[in-house]
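Chemist: For what it's worth, UniProt numbering labels the leading residue of the sequence shown as 1, then goes sequentially.
Glycine residues also receive a C-beta, built at the ideal position from the N, C-alpha and C atoms.
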Amino acid sequence: MIRKPADCITKAHIRTEIDRLDADLVALLAERFGYVQRMAEIKSSPDEALVPERVDEVLDRVAVAAGEAGLDEQLARDLWRRLIEWNIEFERRTIAARLAQ
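See below:
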């Protein structure tokens, strides 16, 4: 049974729900990473890994969605910025390695 925050009356209830959400988040991040991997296969140069306009677009969209969901917009921006930075480095390394073969 999924409990809403207001329905949690013990710390164990809260921890159970956080663990459930963490598992969901990991699954979603893994799915997202599949697209990042595919993008690295499609791009032809490590220089293509960073598209500043796209980074800004994603961060802005995430901030709006976070605000609408009641999540701190700056927290969402910070989390996504780190995720995007990691993805960019992954793409650069992956594309460079493929081209070196």
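#1: Would you give the residue range spanned by the alpha helix (DSSP H) that D19 belongs to?
#2: Which of the three DSSP states is assigned to Q74 in this structure?
#3: Could you have a look at V51 and say whether DSSP puts it in helix, strand or coil?
#4: Relative to the C-alpha of R93, which residue among A63, K43, E68 is closest?
#5: Between which residues of its own chain and H13 is the CB-CB distance below 6 angstroms, once the five residues before and five after are set aside?
#6: With 16 as the cutoff for other CB atoms within 10 Å, does E31 come out buried or exposed?
#7: Mind checking E85: buried by the 16 CB within 10 Å criterion, or exposed?
Modeler: If we stick to the structure as given:
#1: Taking the first residue of the sequence shown as 1, we reach residue 19 at position 19. 11-42 is the extent of the alpha helix (DSSP H) around D19.
#2: Numbered from its first residue, the sequence shown carries residue 74 at position 74. In the three-state DSSP reduction, Q74 falls in the helix class (H, G or I).
#3: As a position in the sequence shown, residue 51 is number 51, starting the count at 1. In the structure shown, V51 sits in coil (DSSP, three-state: anything other than H, G, I, E or B).
#4: Here residue 93 refers to the residue found at position 93 of the sequence shown. Among A63, K43, E68, the Cα nearest to that of R93 belongs to K43.
#5: Translated into positions along the sequence shown, residue 13 becomes position 13. So the qualifying residues of the chain are R3.
#6: Translated into the one-based positions of the sequence shown, residue 31 becomes position 31. Exposed is the call here.
#7: Here residue 85 refers to the residue found at position 85 when the sequence shown is read from its first residue. Its Cβ having fewer than 16 others within 10 Å, E85 is exposed.
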